[in-house]
Amino acid sequence: MIGLCLGLAGVVWSELPLTHFTLAWNHSIEKIRWEEDYRVTPSGLVLGQARVKGSGAGMEIPDDARLHDGSWHYQRRLPPLQPLRLGRTPEAGDYLLCVDGQCKALSLWLGPPQTRQPAVELWSCEQG
16 MIGLCLGLAG
26 VVWSELPLTH
36 FTLAWNHSIE
46 KIRWEEDYRV
56 TPSGLVLGQA
66 RVKGSGAGME
76 IPDDARLHDG
86 SWHYQRRLPP
96 LQPLRLGRTP
106 EAGDYLLCVD
116 GQCKALSLWL
126 GPPQTRQPAV
136 ELWSCEQG
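Residue numbers (my numbering): 16 to 143.
Structural data, given as structure tokens:
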């Protein structure tokens, strides 16, 4: 069974039996919410639709984005990400992992963000 692994440099810190999820966070400076939908596939994490509440520093909204329910919706065409590397520091706050509308902070599985460990990776993995 395929699932989601969380860790760094191929070392698994936590495994989750997921086939899809939304990654959500607030921009560290602008405090604007971002959301990205992913499918977990054997080839990696496939980015689907993304949403952002507004623009700001380093947060340009793509030209083809459409405003709907207060967020700009768009879709990037990227190859599967294997791994997806995330910066994770106390100053920036934590990411939320959402499944079927239920969101939980990555700290639930990884502990709080720490300066000495400023990154985490997510990738698809076989689970036994």
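Yeah, the Cβ is synthetic: ideal placement off N, Cα and C, and Gly gets one too.
Outcome for residue i when other beta-carbon atoms lying within 10 angstroms are tallied against a minimum of 16
i, result
"P57", "exposed"
"P98", "buried"
"H42", "buried"
"T37", "buried"
Alpha-carbon to alpha-carbon, residue j and residue i
i, j, result
"W28", "G22", "5 Å"
"R66", "V26", "30 Å"
"P77", "Q117", "27 Å"
"S86", "G126", "30 Å"
Residue range of the beta strand (DSSP E) that includes residue i
i, result
"L82", "R81 to H83"
"R131", "Per DSSP, R131 belongs to no beta strand (DSSP E) and is neither H nor E."
"S86", "S86 to Q90"
"T56", "R48 to T56"
"L99", "L99 to G102"
Under the three-state DSSP convention, the category residue i falls into
i, result
"L125", "helix"
"G18", "strand"
"H35", "strand"
"R66", "strand"
Whole-number beta carbon distance between residue j and residue i, since they are thought to touch under 8 Å
i, j, result
"L60", "W124", "Not quite, the Cβ-Cβ distance comes to about 16 Å (not below 8 Å), so this is no contact."
"C113", "A24", "Between A24 and C113 the Cβ distance is about 26 Å, and since that is not below 8 Å, they are no contact."
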